[in-house]
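Working notes, structure below.
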Amino acid sequence: MSESGTVPEARTGHRKLSVIVPVFNERNTLGEILRRMRAVELPVEREIVVVDDGSTDGTRAVLSQLGDSTVRVVLHPRNQGKGAAIRTGLEHVTGDLVLIQDADLEYDPEDWPRLLAPLLGGKAEVVYGSRFTGERRNMLFLHWVGNRFLSLVTNVLYDSTLSDMETCYKLFDREVLDGIELRAKRFDFEPEVTAKVLRRGIRIYEVPISYAGREYHEGKKITWRDGGGGAVDVGEVPVQPVAPGPAASPPRWAAVVVSYQAGPHLEGCVRSLLADTSAGSSPEVVVVDNGSTDGSPEALERSCPGVPVLRPGANLGYARAANLGIAATHAPVVAVCNPDLVVEAGTGAALVDRLDRDPRLGAVGPRIRNPDGSVYPSARRVPSLVDAVGHGLLGLVWRSNPFTRRYRELDADPDRSRDVDWVSGAAIWLRREALDAVGGWDERYFMYVEDVDLCWRLRQADWRVAYEPAGDVVHVQGVSTAARPFRMIVEHHRSLWRFAARRWRGPRRLLLVPAAVYLAVRAGLAMLANLLPGKRRAPRVSG
Numbered sequence: 048m049s050e051s052g053t054v055p056e057a058r059t060g061h062r063k064l065s066v067i068v069p070v071f072n073e074r075n076t077l078g079e080i081l082r083r084m085r086a087v088e089l090p091v092e093r094e095i096v097v098v099d100d101g102s103t104d105g106t107r108a109v110l111s112q113l114g115d116s117t118v119r120v121v122l123h124p125r126n127q128g129k130g131a132a133i134r135t136g137l138e139h140v141t142g143d144l145v146l147i148q149d150a151d152l153e154y155d156p157e158d159w160p161r162l163l164a165p166l167l168g169g170k171a172e173v174v175y176g177s178r179f180t181g182e183r184r185n186m187l188f189l190h191w192v193g194n195r196f197l198s199l200v201t202n203v204l205y206d207s208t209l210s211d212m213e214t215c216y217k218l219f220d221r222e223v224l225d226g227i228e229l230r231a232k233r234f235d236f237e238p239e240v241t242a243k244v245l246r247r248g249i250r251i252y253e254v255p256i257s258y259a260g261r262e263y264h265e266g267k268k269i270t271w272r273d274g275g276g277g278a279v280d281v282g283e284v285p286v287q288p289v290a291p292g293p294a295a296s297p298p299r300w301a302a303v304v305v306s307y308q309a310g311p312h313l314e315g316c317v318r319s320l321l322a323d324t325s326a327g328s329s330p331e332v333v334v335v336d337n338g339s340t341d342g343s344p345e346a347l348e349r350s351c352p353g354v355p356v357l358r359p360g361a362n363l364g365y366a367r368a369a370n371l372g373i374a375a376t377h378a379p380v381v382a383v384c385n386p387d388l389v390v391e392a393g394t395g396a397a398l399v400d401r402l403d404r405d406p407r408l409g410a411v412g413p414r415i416r417n418p419d420g421s422v423y424p425s426a427r428r429v430p431s432l433v434d435a436v437g438h439g440l441l442g443l444v445w446r447s448n449p450f451t452r453r454y455r456e457l458d459a460d461p462d463r464s465r466d467v468d469w470v471s472g473a474a475i476w477l478r479r480e481a482l483d484a485v486g487g488w489d490e491r492y493f494m495y496v497e498d499v500d501l502c503w504r505l506r507q508a509d510w511r512v513a514y515e516p517a518g519d520v521v522h523v524q525g526v527s528t529a530a531r532p533f534r535m536i537v538e539h540h541r542s543l544w545r546f547a548a549r550r551w552r553g554p555r556r557l558l559l560v561p562a563a564v565y566l567a568v569r570a571g572l573a574m575l576a577n578l579l580p581g582k583r584r585a586p587r588v589s590g
């Protein structure tokens, strides 16, 4: 392996390098990365094929000003995903070597000679650049763990020794790609092409590369959800239909049901989701079971065999299970639901249409009713410090106190749609693009407040959150948590402290110590209240 960056003269048959650059909303980095790509000295011809995947941030204006015959631009009318952009690029390249290059500045084209050396020297047909054997800077910890895990799974499945299966830098002899049928549309291109290369008996050569990671606020798009395909060869796995019956077009929305010990409520929830065809067809439905032992997942599989039930084998908590389920869906809108609710007919269309009408709306929640028909205050504001303390102390004994009324927006008209700070995670419809932009649900929350945190991060990223009463669900509440009320009280208050620690900056962080004391006292009072006759219940999802 050459690590010096020196490239031998191209052997006969390799005369042109085609670089495919999938682009989506990279206005700020595109010009610089193209400059670097054109500046690299190579022993072969080069062509650059930029596939703009429906950018909306001004990227196309940058492309229109290039005026460079070595750069070919192909436009997607709408965003389809990285895999789809690469497949389009393959239709337009003319070189006998093909390299993938992201449009951000995480990967440096100065590493191209190092990638080319083993292939031009006749040592390999496929070369990957490894971030883990070269220099790297600012890789997010969870991505480091996820990448290492997926590479390990790949090695076990295909008897390989890759250190970085998910790397962007993949260089192919064109003949290798011509013999592979690619289907991936999103970031699942990485595991798909890797699996299909290895299945053909082609060994992948790795060389060290440099890597400078960026944060989500800088435009990073890949999330844990995009790792859901892992090392599975998606072209070889049979897929069951999520909903029964034929569909004229792909579903406009998907639903993820996070379930734990839900009993018969789970089946009722899933059936109500499948029955809501108001958006043109039934939604994709995926259930994530957090280690139930009550037979509810088995009962669902018998009654609804077309609905996938993901079983991680343990109780992952709400946020992590939600991310896992979202990774198994594909629709542009995805709802995350508790298992003890029933979705009324027409809710899907009402919420999806609301998201379609407002491109900056990142999340929307329906009207949530209690079983007795009363409206549950599911759309709320993030309380001020005064309202938080007042609600926390008085809400246990005086539920209509003024602090609670402001926090829960009890004086708002439940029949009118409105923008809010956050909506309950018991039933929330999310724009996938917005969810990707903030990195999904924060898995540090086991239960409670993860919905407050998600909506807060969406608003920090300039997405809006709304309440839409045209959608309606009935929620029993507490089915999965009632058996362990004291643990749920502890988790609830732990999550409140975590949210405060994340939100408070500067001098306000000095309040974290008294806040911890206050929350510990309130948790104790909540436990005492739970012991009173007729008061035993699990805390509600949103406090």
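Under this note's numbering, the sequence shown has 498 at position 451, and the numbering climbs by one with no breaks.
Every residue, glycine too, gets a C-beta built ideally from N, C-alpha and C.
Note to self: By alpha-carbon positions, which one of G442, G409, N448 and R452 ends up nearest to R427?
What the structure shows: R452
If you draw a straight line from the C-alpha of F219 to the C-alpha of Y258, how long is it? 20 Å
* Asked: Can you name the residues that DSSP bridges to H522?
  -> L388
Would you decide whether F196 is buried or exposed? Buried here means 16 or more other CB atoms lie within 10 Å of its CB. It counts as exposed.
_For the structure I just gave you, are there three or more beta carbon pairs, one from the region 321-336 and one from the region 301-310, closer than 8 Å?_
yes
message = So, does the region 377-395 touch the region 510-521, judging by three or more C-beta pairs under 8 Å?
response = Of all C-beta pairs linking the region 377-395 to the region 510-521, three or more are shorter than 8 Å, placing the two stretches in contact.
Requested in this report: Mind checking who L209 pairs with in its DSSP beta bridge?
Outcome: Looking at the DSSP assignment, L209 forms no beta bridge with any residue, so it has no partner.
Which of helix, strand or coil DSSP assigns to I475: strand
- Query: Between A576 and V444, is the Cβ-Cβ spacing less than 9 Å?
  - Reply: Yes, they are a contact pair.
* **Minimum C-alpha distance to R556 - residue among P355, L432 and A474** => L432
For the candidate residues V140, P255 and R125, whose alpha-carbon lies nearest to that of V68? Closest option to V68, Cα to Cα, is V140.
*With a 10 Å radius around its C-beta and 16 neighbouring C-beta atoms as the bar for buried, classify N385 as buried or exposed.*
N385 comes out buried.
(message) Our contact map puts E94 next to T117 with C-beta atoms below 8 Å; I'd like the distance itself, whole angstroms only.
(response) 6 Å
Looking at the unbroken beta strand (DSSP E) that takes in A366, where does it start and where does it end? That residue, A366, is in no beta strand (DSSP E); its alpha helix (DSSP H) goes Y365 to A374.
For this session: Could you pull out every residue in the same chain whose Cβ sits closer than 7 Å to the Cβ of C502, ignoring the five residues on either side in sequence?
Result: A410, D468, W469, V470 and V512
**Request:** Give the straight-line distance between the Cα atoms of A484 and V70, rounded to the nearest whole angstrom.
**Result:** Looking at the backbone, the Cα of A484 and that of V70 are separated by about 15 Å.
Worksheet item: Is the beta carbon of D489 less than 9 Å from the beta carbon of E480?
Response: no
Practice problem: Give the straight-line distance between the Cα atoms of L204 and S198, rounded to the nearest whole angstrom. | Solution: 10 Å
message = So, with DSSP's three-state summary, where would you put D158?
response = Looking at D158 - three-state DSSP - the assignment turns out to be helix.
Exercise for review: Inspect the CB distances between the region 104-113 and the region 211-218 and report whether three or more fall short of 8 Å.
Suggested key: no
If you drop the 5 nearest sequence neighbours on each side, which residues of the same chain put their C-beta closer than 7 Å to that of Y454? R427, R428, P430, D434 and H438
* Name the one or two DSSP bridge partners that L357 has. => V335
As assigned by DSSP and simplified to three states, the class of R549 | helix
- Item | Simplified DSSP state of P344, which is helix, strand or coil | In this structure, P344 counts as helix in the three-state DSSP scheme.
- DSSP-derived helix/strand/coil call for V442: Per the sequence shown, the amino acid found at residue 442 is Gly instead of Val. Reduced to three states, the DSSP call for G442 is coil.
- Message: DSSP three-state label for V470, please.
- Response: strand
- Task: Determine, using beta carbons only, whether V174 and I249 come nearer to each other than 9 Å.
- Result: no
Next item on the list: Quickly, what does DSSP pair P69 with across the bridge? List them, please.
Entry: V98
Problem set entry | 6 Å CB neighbourhood of V66 in its chain, flanking five on each side removed | I95, L146 and Q148
With a cut-off of 8 Å on the beta carbons, I'd call R221 and G169 a contact; round off their distance for me.
Contact flag wrong, Cβ pair sits at about 16 Å.
_Cut-off 7 Å between Cβ atoms - residues of its own chain near L543, not counting five sequence neighbours on either side_ = V496 and L566
- request: Reducing DSSP to helix, strand and coil, say where E237 ends up.
  value: helix
**Study point:** Range covered by the beta strand (DSSP E) that runs through V87
**Key:** Counting along the chain, V87 sits inside no beta strand (DSSP E), nor does DSSP assign it H or E at all.
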